[in-house]
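Contents: one structure, followed by commentary.
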Amino acid sequence: MINTIMLIFWGIYVAVVGYKVLRAVITYEMNRHKDKKLLAEGIYVVRLNRFEVAFWSVAALMFPVPMFIMHIGMDLGFHWFDIAAFIISPFFMRGLPGIRYWYVTVSLDGVEQVGDPFYPFTAIDKVVCKDNSDRERAASLHFYTKSGDEIVTLQPIYGNYRLPAITRFRIEKKRWPDMRNPSDRALVDGWTNRESIVYYYLRLQEASGLADSKKQAKGK
Numbered sequence: 001m002i003n004t005i006m007l008i009f010w011g012i013y014v015a016v017v018g019y020k021v022l023r024a025v026i027t028y029e030m031n032r033h034k035d036k037k038l039l040a041e042g043i044y045v046v047r048l049n050r051f052e053v054a055f056w057s058v059a060a061l062m063f064p065v066p067m068f069i070m071h072i073g074m075d076l077g078f079h080w081f082d083i084a085a086f087i088i089s090p091f092f093m094r095g096l097p098g099i100r101y102w103y104v105t106v107s108l109d110g111v112e113q114v115g116d117p118f119y120p121f122t123a124i125d126k127v128v129c130k131d132n133s134d135r136e137r138a139a140s141l142h143f144y145t146k147s148g149d150e151i152v153t154l155q156p157i158y159g160n161y162r163l164p165a166i167t168r169f170r171i172e173k174k175r176w177p178d179m180r181n182p183s184d185r186a187l188v189d190g191w192t193n194r195e196s197i198v199y200y201y202l203r204l205q206e207a208s209g210l211a212d213s214k215k216q217a218k219g220k
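Here our numbering is used: position 113 in the sequence shown is 113, and no number is missing along the way.
Below is the structure:
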């Protein structure tokens with residue numbers, strides 16, 4: 001009797017989590033479709049990459065599904081496995097909201113991360129490349145204001161090239177690009193790729209003084 005109750009419980013749990021995963025993935029794909037239309041207007045939207053989406057989707061079901069199967073195959077009753085799985089499962093579901101809602105928008109004028117204020121490009125004062133394991137895949141770019149507030153963190157290895165390309169323009173040309181100017185935009189477009197961003201920042205490591213257009217940016 002107890003095993004039947006637990007079987008029903010985990011069956012409902014799997015159905016609810018499965019629905020949340022499906023809704024998150026569908027919303028993610030719909031948003032990516034909308035992002036392609038914005039790209040034609042010069043607006044880049046950064047979201048979780050598909051590897052992260054797959055990881056969090058599988059992780060959310062990693063405990064409920066095995067528990068449901070175990071109660072089908074064995075008369076476990078109410079086992080400590082049930083308690084452990086119920087406590088741990090929410091931790092592995094924490095990535096689902098990010099699949100649906102997390103984004104960074106790089107427009108013609110600045111950058112905005114969901115839940116944070118809009119920052120014009122001129123608010124970026126420092127960019128730091130962190131690569132603790134000496135592997136390209138581990139590299140992340142951190143953008144800061146003059147006061148030290150972090151604007152956004154991006155991993156260029158996953159195709160997040162636009163803001164790093166705009167910042168590279170500032171470093172090399174000593175001014176921020178006018179993204180409505182065809183020549184400025186063409187140069188940024190030319191740098192919006194893996195070869196022009198990943199290795200460039202791995203070598204540079206850090207650049208500061210970007211917010212002050214009268215000063216030359218200093219590379220570390």
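Ideal Cβ positions, reconstructed from N, Cα and C, are used throughout, including at glycine.
First through last residue of the beta strand (DSSP E) which encompasses residue i
i: residue 142; result: 140 to 144
Proximity winner among the options, relative to residue i (alpha-carbon distances)
i: residue 75; options: 2, 200, 32; result: 2
i: residue 119; options: 27, 79, 143; result: 143
i: residue 156; options: 199, 43, 58; result: 199
i: residue 161; options: 195, 72, 150, 170; result: 195
i: residue 27; options: 96, 164, 106, 124; result: 96
i: residue 22; options: 58, 40, 32; result: 58
i: residue 191; options: 108, 166, 9, 208; result: 166
i: residue 159; options: 148, 51, 80, 11; result: 51
i: residue 182; options: 9, 212, 42; result: 42
i: residue 55; options: 79, 24, 77; result: 24
Beta-ladder partner(s) of residue i, from DSSP
i: residue 41; result: The partner list for residue 41 (beta bridge, DSSP) is empty, contrary to what the question assumes.
i: residue 120; result: 110
i: residue 152; result: 143
i: residue 105; result: 45, 112
Own chain, CB closer than 7 Å to residue i, minus 5 neighbours either side, in chain order
i: residue 94; result: none
i: residue 193; result: 161
i: residue 82; result: 6, 67
i: residue 9; result: none
8 Å CB neighbourhood of residue i in its chain, flanking five on each side removed
i: residue 17; result: 60, 61, 64, 89, 93
i: residue 139; result: 129, 130, 131, 155, 156, 157, 198, 201, 202
i: residue 134; result: Confidence is the limiting factor: at residue 134 the pLDDT is only 48, short of 50, which leaves the residue's position unreliable, though a coordinate-based value still follows. None.
Beta-carbon proximity of residue i to residue j, cut-off 9 Å
i: residue 101; j: residue 114; result: yes
i: residue 127; j: residue 44; result: no
i: residue 38; j: residue 98; result: no
i: residue 175; j: residue 108; result: no
i: residue 68; j: residue 13; result: yes
i: residue 164; j: residue 121; result: no
i: residue 189; j: residue 146; result: no
i: residue 85; j: residue 66; result: yes
Own chain partners of residue i with C-beta closer than 6 Å, once the 5 adjacent residues on each side are dropped
i: residue 104; result: 46, 113, 152
i: residue 210; result: 124, 125, 170, 217
i: residue 7; result: 71
i: residue 5; result: none
i: residue 20; result: 96
i: residue 35; result: 45
Extent of the continuous alpha helix (DSSP H) run through residue i
i: residue 196; result: 194 to 204
i: residue 173; result: 162 to 173
i: residue 177; result: Segment: none, residue 177 is in no alpha helix (DSSP H) and carries neither H nor E.
i: residue 76; result: Unbroken run through residue 76: none, as it is neither H nor E.
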